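A.B. asks: Chains A, B, C, D and E, in that order, are what the protein sequence lines are.
Counting in our numbering, the first sequence runs from 1 upward without gaps.
Counting in our numbering, the second sequence runs from 328 upward without gaps.
Counting in our numbering, the third sequence runs from 655 upward without gaps.
Counting in our numbering, the fourth sequence runs from 982 upward without gaps.
Counting in our numbering, the fifth sequence runs from 1309 upward without gaps.
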Amino acid sequence: MIIDKALYRSGRRDACGDLSDELEAIRQTGSETDFIWIGLKDPTMDELEEVNEELGLGLHPLAIEDAVKGRQRAKIESYGRAVFVVLKTLSYIEATSDVETGELMVHVGEHFVLTIRRGELSPLAGVRRELEADREKLALGPMSALHAIMDRVVDQYREIDVELARDIDEIEEAVFSEGLVSSDAIYRLKREVLEFRRAITPLIAPLRMLHTSPRTALPHDELRLLFRDVDDHLHFVADRVESYDRLLSDVLSANLAKISVQQNADMRRISAWVAIAAVPTMIAGIYGMNFDNMPELHWHYGYFLVLGLMATVCVGLYATFKKVSWL
Amino acid sequence: MIIDKALYRSGRRDACGDLSDELEAIRQTGSETDFIWIGLKDPTMDELEEVNEELGLGLHPLAIEDAVKGRQRAKIESYGRAVFVVLKTLSYIEATSDVETGELMVHVGEHFVLTIRRGELSPLAGVRRELEADREKLALGPMSALHAIMDRVVDQYREIDVELARDIDEIEEAVFSEGLVSSDAIYRLKREVLEFRRAITPLIAPLRMLHTSPRTALPHDELRLLFRDVDDHLHFVADRVESYDRLLSDVLSANLAKISVQQNADMRRISAWVAIAAVPTMIAGIYGMNFDNMPELHWHYGYFLVLGLMATVCVGLYATFKKVSWL
Amino acid sequence: MIIDKALYRSGRRDACGDLSDELEAIRQTGSETDFIWIGLKDPTMDELEEVNEELGLGLHPLAIEDAVKGRQRAKIESYGRAVFVVLKTLSYIEATSDVETGELMVHVGEHFVLTIRRGELSPLAGVRRELEADREKLALGPMSALHAIMDRVVDQYREIDVELARDIDEIEEAVFSEGLVSSDAIYRLKREVLEFRRAITPLIAPLRMLHTSPRTALPHDELRLLFRDVDDHLHFVADRVESYDRLLSDVLSANLAKISVQQNADMRRISAWVAIAAVPTMIAGIYGMNFDNMPELHWHYGYFLVLGLMATVCVGLYATFKKVSWL
Amino acid sequence: MIIDKALYRSGRRDACGDLSDELEAIRQTGSETDFIWIGLKDPTMDELEEVNEELGLGLHPLAIEDAVKGRQRAKIESYGRAVFVVLKTLSYIEATSDVETGELMVHVGEHFVLTIRRGELSPLAGVRRELEADREKLALGPMSALHAIMDRVVDQYREIDVELARDIDEIEEAVFSEGLVSSDAIYRLKREVLEFRRAITPLIAPLRMLHTSPRTALPHDELRLLFRDVDDHLHFVADRVESYDRLLSDVLSANLAKISVQQNADMRRISAWVAIAAVPTMIAGIYGMNFDNMPELHWHYGYFLVLGLMATVCVGLYATFKKVSWL
Amino acid sequence: MIIDKALYRSGRRDACGDLSDELEAIRQTGSETDFIWIGLKDPTMDELEEVNEELGLGLHPLAIEDAVKGRQRAKIESYGRAVFVVLKTLSYIEATSDVETGELMVHVGEHFVLTIRRGELSPLAGVRRELEADREKLALGPMSALHAIMDRVVDQYREIDVELARDIDEIEEAVFSEGLVSSDAIYRLKREVLEFRRAITPLIAPLRMLHTSPRTALPHDELRLLFRDVDDHLHFVADRVESYDRLLSDVLSANLAKISVQQNADMRRISAWVAIAAVPTMIAGIYGMNFDNMPELHWHYGYFLVLGLMATVCVGLYATFKKVSWL
Ligand SMILES: [Mg+2]
Ligand SMILES: [Mg+2]
Ligand SMILES: [Mg+2]
Ligand SMILES: [Mg+2]
Ligand SMILES: [Mg+2]
Ligand SMILES: [Mg+2]
Ligand SMILES: [Mg+2]
Ligand SMILES: [Mg+2]
Ligand SMILES: [Mg+2]
Ligand SMILES: [Mg+2]
Ligand SMILES: [Mg+2]
Ligand SMILES: [Mg+2]
Ligand SMILES: [Mg+2]
Ligand SMILES: [Mg+2]
Ligand SMILES: [Mg+2]
Ligand SMILES: [Mg+2]
Ligand SMILES: [Mg+2]
Ligand SMILES: [Mg+2]
Ligand SMILES: [Mg+2]
Ligand SMILES: [Mg+2]
Ligand SMILES: [Mg+2]
Ligand SMILES: [Mg+2]
Ligand SMILES: [Mg+2]
Ligand SMILES: [Mg+2]
Ligand SMILES: [Mg+2]
Ligand SMILES: [Mg+2]
Ligand SMILES: [Mg+2]
Ligand SMILES: [Mg+2]
Ligand SMILES: [Mg+2]
Ligand SMILES: [Mg+2]
Ligand SMILES: [Mg+2]
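1. If residue 1350 of chain E and residue 1054 of chain D are in contact, beta carbons under 8 angstroms, what's the gap, nearest whole angstrom?
2. Output yes if chain B places a C-beta closer than 8 angstroms to the C-beta of residue 270 of chain A; else output no.
3. Using a strict less-than 5 angstroms threshold between each residue's beta carbon and the heavy atoms of ligand 8, what residues do you get?
4. What residues from the region 801 to 815 of chain C come within 8 angstroms of chain B, judged by C-beta to C-beta, listed N to C?
5. Bridge partners of residue 1068 of chain D, per DSSP?
6. Is it buried or exposed for residue 1163 of chain D, if we count other Cβ within 10 angstroms and need 16 for buried?
7. What do you reckon, are the CB atoms on residue 1497 of chain E and residue 1479 of chain E nearer than 8 angstroms?
8. Would you mind sorting residue 635 of chain B into buried or exposed? The rule is 16 or more other CB atoms within 10 Å of its CB.
9. Counting only C-beta atoms, is residue 1558 of chain E closer than 8 angstroms to chain D at any point?
10. Who sits around ligand 13, taking every residue whose Cβ is closer than 5 angstroms to one of its heavy atoms?
11. In this structure, does DSSP put residue 1340 of chain E in helix, strand or coil?
12. Given 7 angstroms as the limit, tell me if residue 42 of chain A has its C-beta closer than that to any heavy atom belonging to ligand 12.
13. State the start and end residues of the unbroken beta strand (DSSP E) segment that holds residue 8 of chain A.
14. Run down chain A in chain order and give the residues with a C-beta less than 8 angstroms from the C-beta of residue 1589 of chain E.
15. In the DSSP output, which residue or residues are listed as bridge partners for residue 402 of chain B?
16. Using a cut-off of 9 angstroms between C-beta atoms, extract the partners of residue 1497 of chain E located in chain A.
17. Nearest by alpha-carbon distance to residue 1432 of chain E: which of E:1463, E:1629, E:1388 is it?
18. How would you call residue 1008 of chain D, buried or exposed, if buried means at least 16 neighbouring beta carbons within 10 angstroms?
19. Taking a cut of 7 angstroms between CB atoms, which residues from the region 1162 to 1190 of chain D lie near chain E?
20. Is residue 1173 of chain D near ligand 21, with its Cβ less than 7 angstroms from a heavy atom?
21. Does DSSP put residue 1347 of chain E in a helix, a strand or coil?
22. State buried or exposed for residue 267 of chain A, treating a residue as buried only when at least 16 other CB atoms are found within 10 Å of its CB.
23. Near residue 361 of chain B, which residues of its chain fall below 6 angstroms by C-beta distance, leaving aside the five closest residues on each side in sequence?
24. Roughly how far, in whole angstroms, is the beta-carbon of residue 1168 of chain D from the beta-carbon of residue 1562 of chain E, given that I think they are within contact range, below 8 angstroms?
25. Taking 8 angstroms as the threshold (C-beta atoms), are residue 763 of chain C and residue 795 of chain C in contact?
26. If the cut is a Cβ gap below 8 angstroms, which residues of chain A does residue 1381 of chain E touch?
27. Report the three-state DSSP secondary structure of residue 1080 of chain D (helix, strand or coil).
28. Here's a check: name, in chain order, each residue in its chain whose Cβ is nearer than 7 angstroms to the Cβ of residue 357 of chain B, leaving out the five neighbours to either side.
29. Would residue 1206 of chain D and residue 716 of chain C be called neighbours here (beta carbons separated by less than 8 angstroms)?
30. Comparing the CB of residue 559 of chain B with every heavy atom of ligand 12, is any distance shorter than 7 angstroms?
31. Taking the alpha carbon of residue 52 of chain A as the reference point, which residue from A:2, A:14, A:16 has its own alpha carbon closest?
32. Out of E:1504, E:1588, E:1492, which has the shortest C-alpha to C-alpha gap to residue 251 of chain A?
33. As an exercise, report each continuous beta strand (DSSP E) stretch of at least 3 residues that is fully enclosed by the region 1407 to 1486 of chain E, in chain order.
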């Protein structure tokens, strides 16, 4: 259930033996910025409580409950000097244009970072390596690990934003050129946008608080700048997502309008043809009457004259309707 | 009318004799966190005033008025060091997809918790047992009972959120696959969502205030964390409910659009059939004319040729209409 | 023009002689909470200025201007230690479902309460009697009279809320069961809701300020609790009214959609009948042709066979249309 | 280019000689509240800079730029102890229901008020006379002149509000009684409402700031009360304008719906007539067939019976359609 | 890659030699307001880091990352006493009514201004010359250069606002006079408005902060006034853009409604013609029946009477339809 562990001392990675021993050692002799990174995946309540007690992490029962139960809003909470963060990890499935949401909990305490992953998405791949490559940052202590994680998660938001923007462009293109888009597809995209937005929005206020409030446990001003950068990127995405829902509403109604206009034009065309056919029918009816005295009937070319009349009228109507674009 | 009573001393339940005597005893000798829990149901003004005087609870007349009259907004008010809370209890009736709202008032004063239930819903079943099982929390005094109650009420909100989300999914499914949903059903669901939202929204601000304001009567930081947890869960629900109304508006207009498109397609189909029938009618009319000189009439196979012509034209039109999906 | 006067000393009513003498006496010897209540109705500028000077009330010219001109927003303004309040009084006319708005100005100064009523609505009937019955409250001084008035006015808002909610329920019922509601009626109700909302909304912020701001002239904490109670009731109404406009918009578009769906269904039905009639017309046309060689014409039962064919086709079409609910 | 000048000493108007001399005199010997009022109209950059230098007004180049360029938002800016105000002056043209916007800049400095008018609207007519009549107010110094101007401008907003409200009422009346309103007219009114709103909204926040902020240069509390009164009137208008846009949106869609319902009803009526005519046509077709053996053809009253049948069916259909309101 | 450089001493331009030498000299001996202006275009990460190190500018890695990566929100960030600004530069392409967005980064540190341009748009042309012409402003130090740049950028926003307003007017004109506007064009304009808005909105809050917050590094009050002026102009544009989206939504639905009304009118017209033709068809059918006893058939002028009847009915119907505007 512990899927990962690492020990960082003075900005560089050290061999990591038994977790409780190493943690004890750091507490005794380490500098404030030395820390251990422990990675869990889908722990049960019992497992997490066991880790908590064995390593003496001092996790609050409420944070444990959140981490085990999942289905949380994104948030940043402080428990005394410790920080508990819930992040929504997003991924995009090209085949179905589907946004999928996972959860990642991070608990940053004295001398440790505990990450708990829920679901299959593993946004942490690579994060650790990058962080280890930047010793100055690593030397800022466990909060630098939190920054590295959040930076990655928010970078993924930017990537998904690009995908969704492309989906919206495609749908716009389709609606305005061919008019054969099902409202269903637009509505489905709206739902993905909503899912995206629900992942992002709750994080905005606490992230701002994290780097602006004087009460936050950020030992270095450099850390404030780092989190401000993440905040900025999050706002970039949030701004854009905000506009997608409105765009899609416009596209949706434009599409419906286009379908309706098309259907009405069809009806008009059919009716125009029926109207054209009604004229020869009427004329034929007249010369099908059985009056004794109907001179035209006895004209030698009467029939052909009437046929000609019918054709003339039909062609005339056809031309008229064509001119006003009814046909 | 007093439907429940219990005495808690140093985090555990004690036998509870006459209420005034016990309360008097606690006031004299008890620690600050000892308290009595009194449960009422639908008290009249007189009954509640009697309890208030006999036990010397010091309830404010305005709080009594609210508790008796009911039909209140959810709120958290302080009267000096006492706290008066109005909660909306919600339940979900599967058969009708109906959300039902009840009221629960809680008055937390020195050494006592007074709960007043209005309506049949009894959200307190089990709350007391759970609280008694957690002695540490119980030892935090009467506010821990308030937390236990609010935690339960908000957990019920989460359950109802799940039900409503399912109802919305079902309606979406129906709209986008079969198109036979009555707008009535969607509108009705919107009303339930509104009822849900009205129960939740007014609680947000005072609950936040309760655990963040330095002036609140929360003797332990642990209590602040507990109420912050409830706050977090309430926000989780509030976020989701916020989006339901918009979703349902979209579904509603998608449904109407679908019905309209369907009706227009029906009209187009009928008109197409009428147009097909108009052609043989016109031809027949022509050969029903009574001109003396109509050579075709005397051809031996004239009739059959014309029948063939009619059939050809009809089949041709049918094929054309089929191709452009009008039939 | 002075339609009412009363003198309150130490929480009970005393005989009230000449107003200037009594007021002078109170100023000399009375306790801080003794006061005179003066009631005016539709005073002119001159009348009000005369009262102001004669009694030495010290009303500010701007307050006088507002009181005389009327057509004000609801508001609570302080002029030094005095408070000037404009209230919108509402009433509901059952016959027309109409909300009507009146105005009530209250000026609370040292040792006096001046109420100025505009329009026929007299919300003060009974307020004085109730206040006189509650000596403790009366003993809190002139601000207790302001509370009594505002409490009454806001209670009337609650009553009107009930009426409007009922009107909305009726309209919903009508739209969703019979579909014969004119959009006009819904729109009219929206306007009444708007009128209601415009009366309520401006009062929210200053009323909150009144009982929370440390700078307000509220000599007793008890008065703060009393105004907080009015504030709470006002919020209750405001919350509900807020949702009415949205509900009515939904109802309005649901109604329009229902009408449109109905009209389209009518058209489909008529067209279906026309389509049914087109078939025998076409067949009859065929056998009305004058070809020499049409064998069926000479069959002994040809006519009856064709009649049978026509009937069969018509019945078949009828059954088909019935099955797809076009008829 | 200087179109007006006046000198006010101790609350009364004095003869005003050469502007620079008078201003110099006031600076030397005058009390703080003595001031000169200078009125300009459409000055060029050079003219305004010349006035500024000659009189030593100390206008900031940015304020000069705004005053000359025009096309500003309404605003209240302080430059040190001086105040620069941009007001949008509105007028209403009855013939076209058009709201027209002008600009008025006011610069209040030590011992002077400089008003710059752009466009033909002259809202200042009469303002000066009224102010001169109220010596107490005039004695409050140059800010009293600013108050007199703003009070007038906002009073004009109230007048325009009355006109627009009347226009909206007329359009509502028309839409709901006759249904012959062009959407164009409603849309045009929306634009005027928008123009109105854009003039008003930016002024709200700085005006509130002006009379509430302790940092504003308002030497007398009386001035704060005066500006609060203008603020109150501005809010009155702003509240109402806020609702107009929504009202007009509702009216717009109600109108479109009405037109659409009307058109559909027309179609239904035409189709019903066509359906009625289809029945005798069909019957006539049947008896126009040329079968040898059609017994009815030889009945003596066959023709009249069929005519009767046709009439009966048509009348029956007509009655039916009438009953369901299709005709 | 360095496309521009300049040295400003005591408010005037000096010859600028090697950048590092000059910068070193200023640091040693210059007054606080002397500075160098360096202009870059599309630098790579390596190039920018090299400049940073060589000149000892002390740019923060996060600012470098933003400047190189681009695709940022407009923002104003402080890094210690330095300020990093991202601006969106906009231009308008008349041919396509397209708004195009570029990026301009400005880094203001001690004794230097570094501008980094992304994309082809060069908003800085002329800015430098203007600034150099205003020595007083230039003498305020490097922040005066930032002001000159922002002033220019925001002035360009105003120009684009004028263009968009004209486009909107044209579209309104078209919709309300001819009704031949494609929804596509309106939607496309909405997107440009959105692009405009997204460039502007994020700048509003930090710009306000820049000139109001006491913590900002603005050495002169004069600079605060200058930035407040830019802020004011930005608000002017923001106010207007805010209303464009709503206007275009109204225009969009007005256009759709117009198209729909037009199509329905066409259908009504066609149907009316068909209805007119149905009457002679019906009459002709009647006199085409083959009854033995049809007296009219034998009248000498029967045929002509019937023709006259048909003509009369048709003309009557035509007149009726014309009167109710169906034709
Ligand atoms: Mg999807
Ligand atoms: Mg998804
Ligand atoms: Mg990043
Ligand atoms: Mg990064
Ligand atoms: Mg895709
Ligand atoms: Mg109450
Ligand atoms: Mg229900
Ligand atoms: Mg319910
Ligand atoms: Mg819970
Ligand atoms: Mg819990
Ligand atoms: Mg269900
Ligand atoms: Mg939790
Ligand atoms: Mg007033
Ligand atoms: Mg009414
Ligand atoms: Mg009314
Ligand atoms: Mg009340
Ligand atoms: Mg009451
Ligand atoms: Mg009623
Ligand atoms: Mg300016
Ligand atoms: Mg106009
Ligand atoms: Mg105008
Ligand atoms: Mg006024
Ligand atoms: Mg006035
Ligand atoms: Mg008018
Ligand atoms: Mg006034
Ligand atoms: Mg960045
Ligand atoms: Mg474009
Ligand atoms: Mg563009
Ligand atoms: Mg500018
Ligand atoms: Mg400028
Ligand atoms: Mg253009």
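Quick reminder that beta carbons are idealized off the backbone N, C-alpha and C, glycines included.
Bear in mind that the values here come from a model prediction, so they are computed numbers and not experimental data.
C.D. replies: Short version:
1. About 36 angstroms; that fails the 8 angstroms criterion.
2. At least one chain B Cβ lies under 8 angstroms of residue 270 of chain A.
3. Going along the chain, the residues that qualify are B:425, B:426, B:522.
4. Against chain B - using a Cβ distance shorter than 8 angstroms - the region 801 to 815 of chain C contributes no residues.
5. Residue pairing of residue 1068 of chain D in beta bridges, as defined by DSSP: D:1085.
6. Sixteen is the threshold: since fewer than 16 other Cβ atoms of the shown chains lie within 10 Å of the Cβ of residue 1163 of chain D, the residue is exposed.
7. The Cβ atoms of residue 1497 of chain E and residue 1479 of chain E lie closer than 8 angstroms to each other.
8. Residue 635 of chain B sits exposed, since fewer than 16 C-beta atoms from the chains shown fall within 10 Å of its C-beta.
9. Any Cβ of chain D closer than 8 angstroms to the Cβ of residue 1558 of chain E would place that residue at the interface, and such an atom is present.
10. For ligand 13, the selected residues are C:720, D:1210.
11. The answer is coil: DSSP assigns residue 1340 of chain E none of H, G, I, E or B.
12. Short note on residue 42 of chain A: C-beta not closer than 7 angstroms to any heavy atom of ligand 12.
13. Residue 8 of chain A -> beta strand (DSSP E) spans 2 to 9.
14. Simply 278, 281, 282, 285.
15. Bridge partners of residue 402 of chain B: B:413.
16. Listed by position along chain A, the residues whose Cβ is nearer than 9 angstroms to that of residue 1497 of chain E form an empty set, because the closest Cβ is around 11 angstroms away.
17. The shortest C-alpha separation from residue 1432 of chain E is found at E:1463.
18. With fewer than 16 other CB atoms across the displayed protein chains lying within 10 angstroms of its CB, residue 1008 of chain D is exposed.
19. Listed by position along the chain: 1164, 1165, 1168, 1171, 1175, 1179, 1183.
20. Residue 1173 of chain D Cβ: within cutoff of ligand 21.
21. It is a strand residue.
22. Taking all protein chains shown into account, residue 267 of chain A has 16 or more neighbouring C-beta atoms within 10 Å of its C-beta and is therefore buried.
23. The residues are 336, 353.
24. About 6 angstroms; that satisfies the 8 angstroms criterion.
25. For the 8 angstroms CB-CB criterion, residue 795 of chain C and residue 763 of chain C do not form a contact.
26. Those within 8 angstroms of residue 1381 of chain E in chain A are 232, 235, 236, 239.
27. In the three-state reduction of the DSSP assignment, residue 1080 of chain D falls in the strand class, which pools E and B.
28. Scanning its chain for C-beta atoms nearer than 7 angstroms, with the 5 sequence neighbours on each side dropped, one finds around residue 357 of chain B the residues 336, 438, in chain order.
29. Yes, they are a contact pair.
30. Taking the Cβ of residue 559 of chain B as the reference point, at least one heavy atom of ligand 12 falls within a distance shorter than 7 angstroms.
31. Checking every option, the nearest Cα to that of residue 52 of chain A belongs to A:2.
32. Closest option to residue 251 of chain A, Cα to Cα, is E:1492.
33. Correct list: 1420 to 1426.
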